[in-house]
Amino acid sequence: MSNKTQNSDDRQRQLRQAFGSFVTGVTVVTARDADGNPIGFTANSFTSVSLDPALLLVCLAETSANLDHFSRAGRFAVNILSEAQKDVSNRFASKGADRFADTAWHESAEGTPLIDGALAWFDCCTDNLVDAGDHIILIGRVADFGETEGRPLAYLRGHYLDLGLAEDAADSVSHHGGVRVGCLLDCNGSVLLRKTPEGWSLPMGDVCPGFREARRALEKTLADQGIAADLGFLYSVFDAPSGNATWMVFQGDMEFGTLDSDLQLFPTDQLPLQEMATPQLRSILRRFQSEYVEARFGLYIDGSNRAGQIHAIERSATPWTKFITDQEHVT
Ligand SMILES: Cc1cc2nc3c(=O)[nH]c(=O)nc-3n(C[C@H](O)[C@H](O)[C@H](O)COP(=O)(O)O)c2cc1C
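To convert, note that position 321 of the sequence shown is 1667 in the working numbering; the numbers rise steadily by one, no gaps.
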């Protein structure tokens, strides 16, 4: 590869990463093809545009297998996904998946497919199609719409965000004696686990009275063990098996280095799920494993050299302070 190509790839990766720091919701955009079959794709490029007239937009990659269908459909719908619909998001972003066969859906009065359980939907007539670089912008005129209560699915830097965690954390911490912070550290596709007499666990700090102290205790433990880690966002909150502390687990990245004998890196697809110290840890790792495989998507900016693929992005960790503001007031 020439230096010039390498530089332009690097630049694109950096741009994708920078775009990815904008927190978005996740939508599935649906329509019917010329034969009347439902079609759809996952999109986080949705934006409301105008109230009068009622307009919205979404960007579709020119490499999409659905480009012609959406360009010609004449109408489309945008479905805003709820936090319970990660699987729907993944399905509508995956090549080869039978997207509608495995998804509950119904149709609007005008016959546009709508995803069951979406937080909001907008049934649109196509108002305009604008060529914009390697995407087209679909501008829709809203003909009908609806919404229900619930929490949205959120997306940042190639990961889904659990907006409910801060609330859950606040509730738990107010009912329990102490806080213990652990981490799920990713080292180039492997996860760092710690051997305990009960089985494999995560690197954890000691139980402390408040979140701040617990996090510091974890950072100290990591530093004492010579682990260069960059803690990212809050990944899970649950009650300790003993019932007398709240566990908070952060996701993070670590640099490869020499490890103490009780620590070991496991490739994400070879995690010792059956040998975890507690069922909670097992379920966290199982979730991480499936998300790692299915959901490590970047903000989707298609490049001509990676036609139609979903790209993982090389993200940098998000400062934890962004996610813990609410909870900080509770301890
Ligand atoms: C969270 C998320 C957001 C995405 N946003 C967009 C988007 O705004 N525009 C787009 O063209 N593709 C986006 N994609 C990728 C498409 O969903 C995916 O590439 C597409 O469905 C591939 O199938 P197709 O060629 O059948 O369209 C996104 C994927 C994910 C996981």
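Note that the Cβ used here is the ideal one computed from N, Cα and C, for glycine as well. Keep in mind it's a predicted model, so treat the numbers as computed, not measured.
On the criterion of 16 or more Cβ atoms from any shown chain inside 10 Å, does residue i qualify as buried, or is it exposed?
| i | result |
| --- | --- |
| Asp-1648 | In this prediction, Asp-1648 has a pLDDT of 31, which is less than 50 and means its spatial position is unreliable; nothing more can be read from the coordinates. |
| Phe-1669 | At Phe-1669, the pLDDT of 33 sits below 50, so the modelled position is not reliable; the number obtained from the coordinates is stated separately. Buried, because 16 or more other Cβ atoms sit within 10 Å of the Cβ of Phe-1669. |
| Gln-1360 | exposed |
| Ser-1607 | exposed |
| Thr-1370 | buried |
| Asp-1577 | It is worth fixing the name first, because residue 1577 is Leu in this sequence and not Asp. It is buried - the Cβ of Leu-1577 has at least 16 other Cβ atoms within 10 Å. |
| Gln-1431 | buried |
| Val-1583 | buried |
| Ser-1428 | buried |
| Ala-1574 | exposed |
| Gly-1366 | buried |
| Ala-1443 | exposed |
| Arg-1362 | buried |
| Pro-1549 | buried |
| Asp-1508 | buried |
| Tyr-1646 | Legend: pLDDT at Tyr-1646 = 36, less than 50; position of this residue unreliable, value from coordinates given subsequently. Its Cβ being crowded by 16 or more others within 10 Å, Tyr-1646 is buried. |
| Arg-1561 | buried |
| Ala-1653 | Here the model assigns Ala-1653 a pLDDT of 29, short of 50, so the residue's position is not dependable, and the following value carries that caveat. Under this definition Ala-1653 is an exposed residue. |
| Ala-1364 | exposed |
| Gly-1390 | Position check: residue 1390 holds Asn in this sequence, whereas Gly was assumed. When all chains shown are included, Asn-1390 counts as buried. |
| Thr-1449 | buried |
| Thr-1604 | exposed |
| Val-1374 | buried |
Note the first and the last residue of the continuous alpha helix (DSSP H) segment covering residue i.
| i | result |
| --- | --- |
| Ala-1569 | 1557-1570 |
| Asn-1349 | 1349-1365 |
Grab the span of the beta strand (DSSP E) containing residue i for me, first residue to last.
| i | result |
| --- | --- |
| Lys-1432 | Careful: Lys-1432 lies outside any beta strand (DSSP E), inside the alpha helix (DSSP H) at 1432-1437. |
| Ser-1536 | 1536-1542 |
| Ser-1417 | Note, Ser-1417: premise wrong, no beta strand (DSSP E); alpha helix (DSSP H) at 1413-1418. |
| Phe-1579 | 1575-1585 |
| Gly-1492 | 1481-1493 |
| Gln-1597 | 1591-1600 |
| Cys-1529 | 1524-1533 |
| Ser-1391 | That residue, Ser-1391, is in no beta strand (DSSP E); it is neither H nor E in DSSP. |
| Phe-1422 | 1421-1426 |
| Thr-1472 | 1466-1478 |
| Arg-1378 | 1373-1378 |
| Gln-1610 | 1609-1613 |
| Ser-1547 | 1545-1547 |
| Pro-1459 | 1459-1461 |
| Cys-1405 | 1401-1407 |
| Leu-1502 | 1500-1502 |
| Glu-1453 | 1451-1453 |
| Leu-1507 | 1505-1507 |
Please look up how many angstroms separate the CB atoms of residue i and residue j, rounded, as I've assumed it's under 8 Å.
| i | j | result |
| --- | --- | --- |
| Thr-1622 | Trp-1546 | As written in the sequence, residue 1622 is Met, which differs from the Thr given in the question. 5 Å between Cβ atoms; contact. |
| Phe-1446 | Pro-1459 | 7 Å |
| Leu-1631 | Ser-1536 | Incorrect: roughly 12 Å between the Cβ atoms, too far for contact. |
| Ile-1461 | Val-1395 | Not confirmed; about 22 Å, so no contact. |
| Thr-1376 | Gly-1386 | 4 Å |
| Phe-1579 | Cys-1533 | In fact, because the Cβ distance is near 17 Å, the residues do not count as touching under 8 Å. |
| Cys-1470 | Ala-1423 | 7 Å |
| Leu-1475 | Ile-1426 | At roughly 22 Å, the Cβ-Cβ gap does not stay under 8 Å, so Leu-1475 and Ile-1426 are not in contact. |
| Arg-1421 | Thr-1472 | 6 Å |
| Leu-1531 | Gly-1598 | 5 Å |
| Leu-1609 | Leu-1499 | Contact flag wrong, Cβ pair sits at about 34 Å. |
| Ala-1489 | Glu-1456 | 7 Å |
How about residue i: is its C-beta nearer than 8 Å to some C-beta of chain D?
| i | result |
| --- | --- |
| Phe-1579 | As a matter of chain content, chain D is missing from the structure shown, which is built from one protein chain. |
- Item | Contact between the segment 1550-1557 and the segment 1495-1509 (3+ Cβ pairs under 8 Å) | They do not touch, by the three-pair rule.
Quick check: the segment 1584-1602 against the segment 1520-1534, are there 3 or more CB pairs under 8 Å?
The segment 1584-1602 vs the segment 1520-1534: in contact.
Is it true that the segment 1466-1482 meets the segment 1405-1412, where meeting means three or more beta-carbon pairs spaced less than 8 Å apart?
-> The segment 1466-1482 makes contact with the segment 1405-1412: 3 or more CB pairs, one atom from each, lie closer than 8 Å.
**Report entry** Touch test, the segment 1435-1448 against the segment 1396-1403, Cβ-Cβ under 8 Å, three pairs minimum
**Finding:** Judged by Cβ distances under 8 Å, the segment 1435-1448 makes no contact with the segment 1396-1403, as fewer than three pairs qualify.
With contact counted as at least three CB pairs below 8 Å, one residue from each stretch, are the segment 1624-1636 and the segment 1560-1575 in contact? When C-beta atoms of the segment 1624-1636 are compared with those of the segment 1560-1575, fewer than three pairs fall below 8 Å, so the two segments do not count as touching.
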